[in-house]
Amino acid sequence: MLLAVLVAAALRFTRLGAWPPGPYRDEAYNGLDALGVLRGQLALFFPANNGREPIFIYLVALSVALLGPTTLALRLPAAVAGTLATLPAALLGRAWFGRVAGLLAAFLWAITFWPVHLGRIGLRAGLLAPMLATAFWLGTRAYRERRAVLWLAAGLVYGLSFYTYLAARFTPLLLLLFAAYLVATGRRARLWDAGRALWFVAGAAVAVAPLATVLLRDPALLFGRAGQVSILSPEVSGGDPLGALLGNTGRALGLYLWRGDSILRHNALLSYDVVLKSDNPAGRPVFDLLMAGPFLVGLGWCLWRWRRPAAAFLLLWQLVMLGPTLLAEDAPHFLRAAGILPGAIFFPAIGLAQLWAWPRLPAVARRLAVVGLLAGSLALTVRDYSTYARQPDVAYLWESAAAELARAARAAPQGTTVLIDRRFTEGWPSIPFLLHGHAFTPFDPAKPLPALAGPTTVFAWPYGPLDFLPGAVRPPARVAIEPGPLARGDLEPEPYALYTRYDILPGPAEAPPAANFDDRYGLSAAATLDAPDALTVALEWTPGAAHSPDASPPQVFIHVLGPEGMLAQHDGTIGGGLWPAANWQPLLRIDERHTLALSRPFQPAQDRIEIGLYDPATGQRLPLLGASGDVVVLTPDG
């Protein structure tokens, strides 16, 4: 059991703040509400971001109080809950199917991809499974031991599950169906337990009452999100809810072994080399191929022994808790299907327990087979998750570019004024969360900025007018331009640079430009070898005496040449077009940097770096005054 807990912890805590990149906006909204809790803004239901139950947000508040506003703080409660969930999984599995099955269930919870991912993301769905497992284990003990205190404890924990995730609202149907099963199979007296079962009802009612009161006062909180994604909505089902339900049913039943959630933010995709290029990607199912056999054995065992209450409850558990994804869009949905866990892992646990005790094999062989299957499944999870977490598209969909903006703003030197376009602070909740406690000023790009007197860093949206910025810079000054990392939304086909960073440092130039292109542009340049096959070229431009703001800006090229030809190149507008030449003023310097990947390691003895300007309309190069050619030749440092 200790080994299972340690394995679960290792898989959930390793690089927790970085894998997956983020935080995603849903995690950040939890963080913003947690900051509100720390300011005394307490609630039983948090209405922002389509409404969220409170327990996870209060745990995040505790985590943020300890660690500060970080991605790690947002995810720590999920990792702790996911690790500790091995205990109720083992206890419930042992109570229902025996000691060996219980321990195997603990290991399967520790190593299965879906529970691992739930334990690594700062979303409230990760609390539902351990809460249900604890409630059902206490209920099982109460049912068998006929003790009122256990019925009460089971009811209280069950009631608290409604404070975790909205899928808990399906569990009353599960309990009603199981009660009907007990009556139909002649166990009415055990169900009633001489009235002691009413303590379960009382405990659940006491626990649920405060939340129920809040939701009944404002039914929109209760049904708001469900109405947006329900197949009863014509926008979701296309006017055919029955057809949508049938299609969802087939897809949802396939999530165990065939195809899981294909939304990349929720799940890894199958066959990375092929499926990522497909128009129809398939998500990783709950269980890998090594667990397919044990799962089917366990499922068959439960179907064959359906008259056993534990087997019947497990089957009903799966059917009912698939409801949240059956009745909504994007089935099978990783988060909405979270309620099937940890019950789902009991199927392969039963199958492995059968193999562990199979008398036709020697004891050593069958136990080595079980250990080998678990070890292989662990290896597949580690491989798949490490591959998943490092995919560029995963970083896009977890909004890592917004987090990078916040990190860059926090790292600004002391005394630097940080200005951030309001669209970032209002549109990406991770930015105000990660910047909590750090000085920054949102600005409206539609309004002129005041004169920038000291060192200033500006994070701007690069796809709109930039006229607000040049007018605020007072030469002499140096402006370093750096495009931000790539981003891509769920419905956007191509990634784009999320922002442009402008570092503005007032003061005169330290030295005149080293090169003069047609008296229109001055250039000082340097190159650095970051690695044998990676080169960074830094360019500093100044407008010359003949610079005309009305003239079309030239293109800059960087060529890295070897005896065999071109090793790497860059071609584009000066400053990436992010500081239009029409806005250049005398004594204003524009910096830009370009990193080039070389086709082979750079060899200084035979390779050369050339930089020049040309007219994009004619292709004619601008002459380099005072030199015999029209290019600047660099020798890299490093």
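In the working numbering, the protein residues as written are 23 to 660. Cβ coordinates follow ideal geometry from the N, Cα and C atoms, glycine included.
* **Straight-line Cα distance separating Gly-648 from Ile-503** => The C-alpha of Ile-503 lies about 28 Å from the C-alpha of Gly-648.
* Asked: Would you say the region 260-272 touches the region 334-342, given that touching needs at least three Cβ pairs under 8 Å?
  -> no
* Asked: Is it right to say Arg-121 is buried, meaning 16 or more other beta carbons lie within 10 angstroms of its own, or is it exposed?
  -> Result: exposed.
* To do: Report yes or no: do the region 124-142 and the region 99-108 share at least 3 C-beta pairs separated by less than 8 Å?
  => Touching, yes, given that three or more Cβ pairs across the two stretches are closer than 8 Å.
* With Ile-633 as the anchor, note down where its beta strand (DSSP E) starts and where it stops. => For Ile-633, the enclosing beta strand (DSSP E) stretches over residues 630-636.
* To do: Would you be able to state if there are at least three C-beta pairs under 8 Å between the region 309-326 and the region 369-380?
  => A contact exists between the region 369-380 and the region 309-326.
* **Alpha-carbon spacing of His-581 relative to Gln-591, whole angstroms** => 5 Å
* Asked: When the Cα of Pro-451 is compared with those of Val-251, Ala-424, Val-179, Glu-257, which residue comes out closest?
  -> Ala-424
* To do: Buried or exposed for Gln-340, please, with buried defined as at least 16 other CB atoms from any protein chain shown within 10 angstroms of its CB.
  => Buried, because 16 or more other Cβ atoms sit within 10 Å of the Cβ of Gln-340.
* Under the DSSP definition of a beta bridge, which residues are partnered with Leu-377? -> Beta-bridge pairing links Leu-377 to no other residue.
* Cβ shell of Asp-629 (< 6 Å), same chain only, five flanking positions each side left out -> Gly-584
* To do: Grab me the residues of Leu-237's own chain with a C-beta within less than 8 Å of its C-beta, minus the 5 sequence neighbours each way, in chain order.
  => Phe-67, Leu-243, Leu-244
* Asked: Considering Met-588, what are the terminal residues of the beta strand (DSSP E) in which it resides?
  -> Note, Met-588: beta strand (DSSP E), 587-595.
* **Arg-37, buried or exposed, once every other Cβ within 10 Å from all chains shown has been counted against 16** => exposed
* Could you give the DSSP three-state label for Trp-563: helix, strand or coil? => strand
* Just tell me which of Leu-81, Leu-402, Gly-217 has its CA closest to the CA of Thr-186. => Minimum Cα-Cα distance from Thr-186 among the listed residues Leu-81, Leu-402, Gly-217 corresponds to Leu-81.
* C-alpha distance - Leu-2 paired with Met-23, whole-angstrom precision -> With the chain represented from 23 up to 660, any question about residue 2 goes unanswered, as that position is not in the structure.
* Using a Cβ-Cβ distance under 8 Å, would Trp-450 count as near chain C? -> In the structure shown, chain C does not exist; there is a single protein chain.
* To do: Please state if the CB of Phe-490 and the CB of Phe-446 are separated by a distance shorter than 8 Å.
  => no
* Around the C-beta of Leu-154, are 16 or more other C-beta atoms found within 10 angstroms, so that it is buried, or is it exposed? -> buried
* Within this structure, are the beta carbons of Leu-527 and Pro-517 separated by less than 8 Å? -> no
* To do: Out of Leu-610, Leu-88, Ala-226, state which residue places its alpha-carbon closest to the alpha-carbon of Pro-530.
  => Leu-610
* Thinking just about the alpha-carbon of each residue, which of Val-308, Asp-540, Ala-604, Asp-443 is nearest to the one in Arg-643? -> It is Asp-540 whose Cα lies nearest to the Cα of Arg-643.
* Identify whether Phe-462 lies in helix, strand or coil by the three-state DSSP scheme. => If DSSP states are grouped into helix, strand and coil, Phe-462 belongs with coil.
* Asked: Using a Cβ-Cβ cut-off of 7 Å (strictly less than) and excluding sequence neighbours within five positions of Pro-554, which residues of its own chain qualify?
  -> Pro-623, Phe-624
* **Beta-carbon proximity list for Val-230, same chain, < 6 Å, skipping 5 on both sides** => Gly-181, Phe-184
* To do: Measure from the alpha carbon of Phe-579 to the alpha carbon of each residue in Leu-198, Gly-594, Ala-216, Asp-283, then state which is nearest.
  => Per the Cα distances, Gly-594.
* Apart from the five residues on each side of it in sequence, which residues of its chain come closer than 8 Å, Cβ to Cβ, to Leu-60? -> Ala-83, Val-86, Ala-87
* To do: May I ask you to report which of helix, strand or coil DSSP gives Val-581?
  => The sequence given here has His at residue 581, not Val. The answer is strand: DSSP assigns His-581 an E or B state.
* Asked: Nearest-angstrom Cα distance between Asn-72 and Tyr-51?
  -> 10 Å
* Could you check if Ser-422 is buried or exposed, using at least 16 other CB atoms within 10 Å of its CB as the buried criterion? => buried
* **DSSP three-state assignment for Ala-107, whether helix, strand or coil** => Collapsing the DSSP output to three states places Ala-107 in coil.
* Asked: Within this structure, are the beta carbons of Gly-282 and Pro-307 separated by less than 8 Å?
  -> yes
* Reduced DSSP category for Val-653 - H, G, I as helix; E, B as strand; rest coil -> coil
* To do: Going by DSSP, name the residue or residues bridged to Ser-252.
  => Ala-350
* May I ask you to list the residues that DSSP assigns as paired with Asp-613? => Ala-502, Glu-562
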